[in-house]
Structures are given as structure tokens and as C-alpha cells.
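S.K.: Here the sequence shown is numbered in this note's numbering, starting from 1 and rising by one per residue.
Think of the CB as a built atom: it goes at the ideal place given N, C-alpha and C, for glycine as much as any other residue.
Computed from a predicted structure; not experimentally measured.
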Amino acid sequence: MTLETNVIYCGDCLKKLRDIPDESVDLIYIDPPFSSNRNYVAFWEEQEKRHFEDRFENVSAYIEYMRPRMKELYRVLKSTGSFYYHCDWHASHYIKVMLDRDDLFGYNNFKNEIIWCYTRPSAKHGQFPRTHDVILFYAKGKQYTFEPDRVRIPYNKETLARSNRGAGIQSAMGTTEGLERLHPEGKVPEDWWVLPMIQGNATERLGYPTQKPEKLLDRIINVSSNENDVVLDAFCGCGTTISVAQKSRRKWVGIDISPTACKVIGERLESLGLQMGKDFTIKDMPKTVEELRTYPAFEFQNWVINALGGVPNKIRVRDMGIDGKLYPIEDIKKEKKEDKDMFGIIDNYIPIQVKRTDQIGRPEIDNFESAMKRDKRDRGIVIGFDFSRDALKEIRRAEREEGLLIEPKTVYQIVEDQLDKSLL
1 MTLETNVIYC GDCLKKLRDI PDESVDLIYI DPPFSSNRNY VAFWEEQEKR
51 HFEDRFENVS AYIEYMRPRM KELYRVLKST GSFYYHCDWH ASHYIKVMLD
101 RDDLFGYNNF KNEIIWCYTR PSAKHGQFPR THDVILFYAK GKQYTFEPDR
151 VRIPYNKETL ARSNRGAGIQ SAMGTTEGLE RLHPEGKVPE DWWVLPMIQG
201 NATERLGYPT QKPEKLLDRI INVSSNENDV VLDAFCGCGT TISVAQKSRR
251 KWVGIDISPT ACKVIGERLE SLGLQMGKDF TIKDMPKTVE ELRTYPAFEF
301 QNWVINALGG VPNKIRVRDM GIDGKLYPIE DIKKEKKEDK DMFGIIDNYI
351 PIQVKRTDQI GRPEIDNFES AMKRDKRDRG IVIGFDFSRD ALKEIRRAER
401 EEGLLIEPKT VYQIVEDQLD KSLL
């Protein structure tokens, strides 16, 4: 079995990794959130923050979750491969104990505890601000790729000043090196990396709370892999590893359980000039109603609204009964011709409400009518698995007596539409 590369798999990495051949990957980087319900990722900040506060009840539960996934990751890594585990203060020490086990990397294959330092506001009292992450670096065997010359950084001003004065530079071993010993491209980074977090106005920022800067992944990928090597991220989130691997001319494989994340990664790759279906593929997106039923409420909403062609609300709390908006295609084309921000100024949108209950009843329709009136809309879409007779009766009454056109649409219809599109 050969490894298919430049592919994004949607699903639990434990299942997807089992389809990857033994020792077929050159470099693995993972950044799995320390969360008690890691079965989705949403890209809207307020909902994301609430989710990431939902921690495992204890570290043991997290380690038990990660252990079988680590065994699969170890299996697919080449004997010459390298592994980076990105974590923070929650469980870094316990993770190292797990990785040091003889049935995984083992203590002797540990290379570095890399400290990524950054600054950010902190309102903590009674403790120092937590402003670093830990990245555990392991090699699978004695022979592995490590090219530090590729990631050299400038010497600090003090070092350059001392060297220019001819004073020399004293090393930890007590030896002195003069100006001629300074490397023209800078020094090899120590195991503490000072790299800024993604700023609010950064072009690479996608609004994902745990998004890591491309400079961080660029250093890891360039020092521990070569062109055309295979890079794997089994918790790839918004796709920073994938994006940097692509720019660095590496092959790659990404896995994430969130359809929203996979969609965003696809868009991110398309922004680099790649074409889906030609340059990369996204596989195993949900195709059945039964699969969708297993999704948490707002991840379910994201998928349904995106499948309908709508735009989910960025703020998922206090949405006043409207989960997303559908913009008529004729208005989008009009605004594009006028070089306007189509989602910023178009007022002719259709509100969408999504319910994951088995059957939408009259009360839900009444509430949506109120939301439509409050938003000054005369047309809307309600999506659910099924509608009660009273709900459909109220929809007909609202159109007849109040001029409110509410379109009831089932999840079954949306899934069938998606299947029809895939056959075109």
C-alpha cells in the first residue's frame, strides 16, 4: 500500500491513521487541544473559547485519549523520522512520561524540550503570567534529518558589538571565538524560541484561538525535513502545518475531525493558488444524516449552513434566533462588479435557523417569526430533521396572513443535494 499525499482527511485521526502504511512519514507535528470533548472544532471565537474551557476531568483521561493515537503516529513515522508534540502547562510533563515509554520513542530518543516564548496580556494574580508553550522533540532512531543551518537567526546586538571590538565571545566551555568565528548567516537557535503570537491584524490570522504562527512551523519543517519529504499533522485545525509544508515544497497529509476545519484548510490552500481535486483533495467529509447526527450542535449548524451556501454567524451566542444568512447570488454578483465587500454591506439576505432536534414544532416556528420581524425580513429558511404538522400549518398561516415566506428544509434534502452535486 502506498501513501497518498496532499490530502486532508476529515475524521478521528485514530481511525484515519490506521489506513496509513507503516513507516511512510518523515516528520510529524501535532498540537492536540487539552479538551474533554475533542470531537469538533468551531471557528467562531466566543463559541471556541467556551469549548476550550471544557477540559478533561483529569490528566489521566487526556493521556488515555492520546495513547492509542500516539501508537499509530509512532507506527507511521519512518525510522529516520522526527516527531514534535506541541503542548502547554496542562499536561506537558505527563506527555513526556508517555512518550519516554519503551513502546513509543523511549527516553534515549528525546532530543529537546523547546520553549516557545511569547508575550500577551495577563490578568492572573498570585502567579507569574503563563507566556510559553512546550514542544517536545523526538527522533525515532539514531539517523534523522536535522539541518540547523537552514534556520539560523541573527546574533544579538551585544554579541555583535563584542565581536566588533575584538573582545571575542566566551562559550559555555570557556573557549573564546573572535569575529572570524561568527557564522555569516547567524547563530543556531537555542531551545527557547522567541516568536510572537499571531497579531489581530496579521494576514495569516483566521480567528482560530489556538492558531500557531507560520514562522514557528517554518522552523520545525525546515530543520527536520527535506524537499519532497512527507509531513503529517493529525490535529491540523486551521491548517498552518499544511500551508507551511506546501510553501516549503514538502508533501503532506492532514487530519482533522471537524468538517469546518477541513473546509477552511481547503480555502487556505486555494488562496495559495492550488486547485482542489487537482493539487489536493479533501476526503471523508460527512455524507449521511446519521453521521451528521453525531456532531455537536454548532458544528452541525456550520456544516448545514455551509452546505446550503450560506454564511454562519461569527458570534454563536446571543444570536437572537438567526444562525446564518444566505445571500442571493444576483446581489453578490452585483456587489462584486461594484468592488464592494459583499458580506459587509449587502442587506438583502435571507436569515437561516437550524435546529438539531428530531422534529421542529410550532414553538420553534413562532420564535423564528419573531426573529424575522425583529430583523425586518419577509423571507427565511428553517432547517431540521423533520417538521410537525402544527409547524407546517403555522408556516402556511404566516405566509397567508402576514406575508412571511418561511421555507422548511430538511437535513435529508440538503444531504441529497450535496450528493447530487458530487456526481456532476
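According to DSSP, simplified to helix, strand and coil, what is residue 83?
M.R.: As a first step, residue 83 must be located in the sequence shown, where it is residue number 83. Here residue 83 sits in strand by DSSP.
S.K.: Quick check: the segment 68 to 84 against the segment 128 to 140, are there 3 or more CB pairs under 8 Å?
M.R.: yes
S.K.: Spatial neighbours of residue 1 within its chain, please: CB distance less than 7 Å, with the 5 preceding and 5 following residues excluded, ordered by chain position.
M.R.: Numbered from its first residue, the sequence shown carries residue 1 at position 1. If we look at residue 1 and ignore the five residues flanking it on each side, its Cβ neighbours are 21.
S.K.: Ignoring anything shorter than 3 residues, give me the beta strand (DSSP E) runs that lie fully in the segment 199 to 261, in order along the chain.
M.R.: 230 to 233 and 251 to 256
S.K.: Just to confirm before moving on: does the CB-CB distance between residue 193 and residue 282 stay below 8 Å?
M.R.: For the purposes of this step, residue 193 is taken as the residue at position 193 of the sequence shown. For the purposes of this step, residue 282 is taken as the residue at position 282 of the sequence shown. No, these two residues do not count as a Cβ contact at 8 Å.
S.K.: Tell me the start and end of each unbroken alpha helix (DSSP H) in the segment 60 to 107 that is at least 4 residues and wholly inside, in chain order.
M.R.: 92 to 99
S.K.: Looking only at its own chain, which residues have a Cβ that is under 7 Å from the Cβ of residue 328, when we skip the five neighbours before and after it?
M.R.: In the sequence shown, counting from the first residue as 1, residue 328 sits at position 328. Beyond the five residues adjoining it in sequence on each side, residue 328 comes within less than 7 Å, by CB distance, of 348 in the same chain, given in chain order.
S.K.: Can you name the residues that DSSP bridges to residue 27?
M.R.: In the sequence shown, the residue the question calls residue 27 occupies position 27. Looking at the DSSP assignment, residue 27 forms a beta bridge with 82 and 231.
S.K.: Excluding the 5 residues preceding and the 5 following residue 252 in the sequence, name in chain order all residues of the same chain whose CB lies nearer than 8 Å to its CB.
M.R.: Translated into positions along the sequence shown, residue 252 becomes position 252. Only 5, 6, 230, 231, 232, 233, 241, 242, 245 and 246 meet the Cβ criterion.
S.K.: For residue 212, which option in 118, 351 and 159 has the closest C-alpha, if you only look at C-alpha atoms?
M.R.: Here the question's residue 212 lines up with position 212 in the sequence shown. When only C-alpha atoms are compared, the closest one is 118.
S.K.: For the segment 57 to 75 against the segment 83 to 101, do three or more pairs of beta-carbon atoms, one drawn from each stretch, fall closer than 8 Å, so that the two count as touching?
M.R.: yes
S.K.: From the DSSP output, which residues share a beta bridge with residue 379?
M.R.: Stepping through the sequence shown from its first residue, residue 379 is reached at position 379. DSSP output for residue 379 lists 405 as bridge partner(s).
S.K.: Using the three-state DSSP reduction, which class does residue 159 fall into: helix, strand or coil?
M.R.: Against the sequence shown, residue 159 aligns to sequence position 159. Residue 159: helix per DSSP, three-state reduction.
S.K.: Are the segment 261 to 268 and the segment 86 to 101 touching by the rule of at least three beta carbon pairs closer than 8 Å?
M.R.: Touching, no.
S.K.: Closer than 8 Å is the cut-off here; do at least three beta carbon pairs connect the segment 217 to 228 with the segment 253 to 261?
M.R.: no
S.K.: Give the single residue among 15, 203 and 66 whose Cα lies nearest to the Cα of residue 30.
M.R.: On the sequence shown, position 30 is the one that residue 30 refers to. The shortest Cα separation from residue 30 among 15, 203 and 66 belongs to 66.
S.K.: Any idea if residue 374 is buried or exposed, counting beta-carbon neighbours within 10 angstroms, 16 or more meaning buried?
M.R.: What you label residue 374 is simply residue 374 of the sequence shown in a count that begins at 1. Exposed: under 16 other Cβ atoms inside 10 Å.
S.K.: Just tell me which of 149, 132, 210 and 190 has its CA closest to the CA of residue 184.
M.R.: As a working mapping, residue 184 is identified with position 184 in the sequence shown. Of 149, 132, 210 and 190, the residue nearest in Cα terms is 149.
S.K.: State whether the segment 356 to 376 contacts the segment 391 to 403, with contact taken as three or more CB pairs (one from each stretch) at a distance under 8 Å.
M.R.: yes
S.K.: Kindly identify the DSSP beta-bridge partner or partners of residue 303.
M.R.: Your numbering for residue 303 matches position 303 in the sequence shown. Beta-bridge analysis with DSSP links residue 303 to no other residue.
S.K.: Give me the DSSP bridge partner(s) of residue 324.
M.R.: Along the sequence shown, read from residue 1 onward, the residue named residue 324 stands at position 324. DSSP lists 312 and 352 as partners of residue 324.
S.K.: May I ask you to report which of helix, strand or coil DSSP gives residue 283?
M.R.: Indexing the sequence shown from 1 puts residue 283 at position 283. Residue 283: strand per DSSP, three-state reduction.
S.K.: For residue 218, collect the residues of the same chain with a Cβ closer than 6 Å to its Cβ; drop the 5 residues on either side in sequence, then sort them by chain order.
M.R.: To locate residue 218, count along the sequence shown from 1; it is residue 218. Closer than 6 Å at Cβ, skipping near neighbours: 244.
S.K.: Going by DSSP in three states, residue 187 sits in which element: helix, strand or coil?
M.R.: As a position in the sequence shown, residue 187 is number 187, starting the count at 1. Looking at residue 187 - three-state DSSP - the assignment turns out to be strand.
S.K.: Within a Cβ cutoff of 6 Å, which residues of the same chain sit near residue 276, ignoring the five residues on either side of it in sequence?
M.R.: To locate residue 276, count along the sequence shown from 1; it is residue 276. 266, listed in sequence order.
S.K.: Reducing DSSP to helix, strand and coil, say where residue 12 ends up.
M.R.: Position 12 of the sequence shown holds residue 12. Three-state DSSP puts residue 12 in coil, outside helix and strand.
S.K.: Nearest-angstrom Cα distance between residue 260 and residue 310?
M.R.: Taking the sequence shown and counting its residues from 1, the one referred to as residue 260 is at position 260. Taking the sequence shown and counting its residues from 1, the one referred to as residue 310 is at position 310. Cα-Cα distance, rounded: 13 Å.
S.K.: Could you give the distance in angstroms between the alpha-carbon of residue 147 and the alpha-carbon of residue 351?
M.R.: The residue you call residue 147 lines up with position 147 of the sequence shown. The residue you call residue 351 lines up with position 351 of the sequence shown. Spanning the two alpha carbons is a distance of roughly 53 Å.
S.K.: Apply the 10 Å Cβ neighbour rule to residue 324 and answer buried if 16 or more other Cβ atoms are within range, or exposed otherwise.
M.R.: The residue labelled residue 324 in the question sits at position 324 within the sequence shown. Result: buried.
S.K.: Assuming residue 308 and residue 300 form a contact by the criterion Cβ under 8 Å, report the distance between their Cβ atoms to the nearest whole angstrom.
M.R.: The residue given as residue 308 occupies position 308 in the sequence shown. The residue given as residue 300 occupies position 300 in the sequence shown. In fact, because the Cβ distance is near 13 Å, the residues do not count as touching under 8 Å.
S.K.: Once the 5 residues before and after residue 215 are set aside, which same chain residues still bring their CB inside 6 Å of it?
M.R.: Here the question's residue 215 lines up with position 215 in the sequence shown. Around residue 215, the same chain offers 195 as residues with beta carbons nearer than 6 Å, after the five sequence neighbours per side are excluded.
S.K.: What does the Cβ neighbour count give for residue 280, buried or exposed, with the cut at 16 atoms within 10 Å?
M.R.: Residue 280 sits at position 280 when you count from the first residue of the sequence shown. Buried, by the Cβ-count rule.
S.K.: Let me check one thing: in DSSP terms, what residues is residue 384 bridge-paired to?
M.R.: In the sequence shown, residue 384 corresponds to position 384, counting from 1. Looking at the DSSP assignment, residue 384 forms a beta bridge with 410.
S.K.: Would residue 152 pass as a contact of residue 187 if the rule is Cβ separation under 8 Å?
M.R.: The residue you call residue 152 lines up with position 152 of the sequence shown. The residue you call residue 187 lines up with position 187 of the sequence shown. Remark: C-beta atoms of residue 152 and residue 187 approach each other more closely than 8 Å.
S.K.: Relative to the alpha-carbon of residue 355, which residue among 263, 321 and 112 has its alpha-carbon at the smallest distance?
M.R.: Taking the sequence shown and counting its residues from 1, one reaches residue 355 at position 355. Answer by Cα proximity: 321.
S.K.: Where residue 271 and residue 125 are concerned, what is the direct C-alpha to C-alpha distance, given to the nearest angstrom?
M.R.: Stepping through the sequence shown from its first residue, residue 271 is reached at position 271. Stepping through the sequence shown from its first residue, residue 125 is reached at position 125. If you take the alpha carbons of residue 271 and residue 125, they lie about 42 Å apart.
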